[in-house]
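**Student:** Here's a structure for you.
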Amino acid sequence: MTEGALDYARDHGPRFVEDLKELLRIPSISTLPEHAGDMVRAAGWLRDRFESLGIASRLIEGSGPPLVYGEWLEAPGAPTVLVYGHYDIQPVDPIDLWSTPPFEPTERAGNLYARGASDDKGQTFTFLCAAESLLKAKGSLPINVRFLLEGQEECGGKVVKEYVQAHGDNLQADFVQVADSGMYAPGIPTIETGLRGVVYTEVRAWGPAHDLHSGLYGGVAPNPLIGLAQVLADIKDRDGHVSIPGFYADVVMPPDSVLTSWRALPFDDAAFLRDEIGASQLVGETEFTPLERIWARPTLDVHGITGGFTGSGAKTVIPAEASAKISMRIVPNQRAERIFELFRGRVLELAPPGIQLDVALVHGDDPVLVPDDSVYVQTAREALHDVFGRPAVMGRSGGSIPIVGVFKEVLKLDTVLMGWGLPDDNLHAPNEKISLENFHRGIEATVRFWEKLGQAG
Ligand code: BES
Ligand code: MN
Ligand code: MN
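By numbering that gives the first Met the number 0, the letter at position 136 of the sequence shown is numbered 135, and the numbering carries on one by one without gaps.
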């Protein structure tokens, strides 16, 4: 029964890739205001695509890039899936390090290179290709599908959060499906059972009222760059422990059975260090394994520091101000709001003499866990087994997809997190790519997953 749609997907695979390239040519970088028009273009492209498949679609306007909504609800009695994806992408800098331009999608050695190829246009597009294959081969979908695609995932997701809070009634479904994550390794299908949350902050530091000559005032004037560096140096120790009192209080580690299953996964510290990190050694809480540190432990990172003189040559200045972007990844049962308050308190407490600090929250998103024994996860595992010929790995991810926690909190829905990325896809970095084999298998797996759910009902 499934074969018709799978045959269609295989026959049209090359054209799907060509169509994806059209979407990838649109530079929909949500965080840069100059791309506002490209956000609208990408959203319109997706809406037109839904319409051409016979899926009723509209743009939902909010305080940022529009949401693209599509629905096909003609399978009475069958389950309803809420499909989520994002069409916004990260900036492309440093542009010089791209082998081919980020908005000229290029195939090389079985991969398609472009910004958004994996995160998340390529993965989101697998849903449209699965729907097309089923609709064209069968004339209908085996289950009901609502699609909700946002254009702001990479920078806070305000529009979609506001919409889900205010209009959750329009999104009634039995579960959510997201393809915005990855596989544990090539050929190993993966279902994620948890995502970390993130608390993203900006700390600003002031010292003198204006820039000062460092010869005339050095030794007496407080330096905000040094002050900020001292705060940063004190907030995380050399063993990777965050020094915020109470930071770890609500952390609940997974049960032993889960930790045991993680330890059984193939993981080569040296290869991981060499192939993915490229530094001289791993750091962090050595009392936990690297997977535990990434999947189940909170941490803190600094993303950027600005202030003072950074041009070529030399300028002897004590700058008036400095700032840093700092985020914390948080895990169950930490809560973003609480962690921000603790962070803020600690930073202010660490303020060196003569330095004033201001701590702002950029966005805060709670962690989320997904039960691994729901009928949806079990059916997804069967579909993955069929397509990849081996059982799926169940693990978590250290990354964050903020809306998944909101779906749980507001709509009371669990999510099937089943993605097609690979560890070397270069997410957020130069030379982002998607494996074309994974792209096609992703389409196939969703076709099979939906077919199985339709048959079960
Ligand atoms: N798709 C990623 C997150 C991801 C990647 C989850 C791989 C699981 C596996 C998403 O687009 C992302 O980058 N999220 C941001 C969220 C943040 C901006 C709120 C992140 O994790 O930094
Ligand atoms: Mn993503
Ligand atoms: Mn991303």
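Beta carbons are placed, not taken as given, at the ideal position from N, Cα and C, and that holds for glycine.
Return the bridge partner residues of M182 from the DSSP annotation.
**Tutor:** None; M182 has no bridge partner.
**Student:** Hey, quick one: how far does the beta strand (DSSP E) through H85 stretch, first residue to last?
**Tutor:** Counting along the chain, the beta strand (DSSP E) containing H85 begins and ends at 79-85.
**Student:** In chain order, what residues place their C-beta within less than 6 Å of a heavy atom belonging to ligand 2?
**Tutor:** Here the residues come out as H85, D118, D119, E152, D179.
**Student:** Look at the alpha carbon of D37 and the alpha carbon of C154, and state the distance between them as a whole number of angstroms.
**Tutor:** Cα to Cα, D37 sits roughly 16 Å from C154.
**Student:** Using the Cα positions of P352 and G245, report the straight-line distance between them to the nearest angstrom.
**Tutor:** Computed Cα separation, rounded: 25 Å.
**Student:** In three-state DSSP terms, what is R343?
**Tutor:** In the structure shown, R343 sits in a helix (DSSP, three-state: H, G or I).
**Student:** Taking all protein chains shown into account, do 16 or more other C-beta atoms lie within 10 angstroms of the C-beta of K235, making it buried, or fewer, making it exposed?
**Tutor:** Answer is buried; the Cβ neighbour count reaches 16.
**Student:** Counting only the same chain and skipping the five closest in sequence on each side, list residues whose C-beta sits under 6 Å from that of R345.
**Tutor:** Counting only Cβ-Cβ distances below 6 Å, and skipping sequence neighbours, we find I243.
**Student:** Return helix, strand or coil for S56, following the three-state DSSP convention.
**Tutor:** S56: strand per DSSP, three-state reduction.
**Student:** Do I142 and A55 have their CB atoms nearer than 8 Å?
**Tutor:** No.
**Student:** State buried or exposed for P262, treating a residue as buried only when at least 16 other CB atoms are found within 10 Å of its CB.
**Tutor:** The sequence shown places Arg at residue 262, not Pro. With fewer than 16 Cβ atoms within 10 Å of its Cβ, R262 is classed as exposed.
**Student:** Should L45 be listed as close to ligand 3, given that the test is whether its C-beta is under 7 Å from any heavy atom?
**Tutor:** No, Cβ of L45 sits at least 7 Å from all heavy atoms of ligand 3.
**Student:** Spatial neighbours of V301 within its chain, please: C-beta separation below 8 Å, excluding the five flanking residues on both sides.
**Tutor:** Here the set comprises L231, A323, K324, I325.
**Student:** Suppose contacts are defined by Cβ-Cβ distances below 8 Å. Is L368 in contact with V175 by that definition?
**Tutor:** In this structure, V175 does not lie closer than 8 Å to L368 by Cβ.
**Student:** Assign L31 to one of three DSSP states: helix, strand, or coil.
**Tutor:** Here L31 sits in coil by DSSP.
**Student:** Which residue marks the beginning of the beta strand (DSSP E) containing Q355, and which one marks its end?
**Tutor:** Here the beta strand (DSSP E) through Q355 covers 355-364.
**Student:** Using only CA atoms, which one of I338, L281, R9 lies nearest to V241?
**Tutor:** Here the closest residue by C-alpha is I338.
**Student:** Can you have a look at L81 and say buried or exposed, based on whether 16 or more other CB atoms are within 10 angstroms of its CB?
**Tutor:** Per the 10 Å Cβ criterion, buried.
**Student:** Would you say the beta carbon of L426 is closer than 7 Å to some non-hydrogen atom of ligand 3?
**Tutor:** Yes - ligand 3 has a heavy atom lying nearer than 7 Å to the Cβ of L426.
**Student:** Here's the rule I'm using: 16 or more other beta-carbon atoms within 10 Å means buried, otherwise exposed. How should D268 be labelled?
**Tutor:** By the neighbour-count rule (16 or more Cβ atoms within 10 Å), D268 is not buried but exposed.
**Student:** Just list the alpha helix (DSSP H) runs in the stretch 276-322, keeping only unbroken ones of 4 residues or longer that don't cross its boundaries, in chain order.
**Tutor:** You should have 289-294.
**Student:** Distance check for T123 and E291, CA to CA, integer angstroms please.
**Tutor:** Using only the alpha carbons, I get a separation of about 28 Å.
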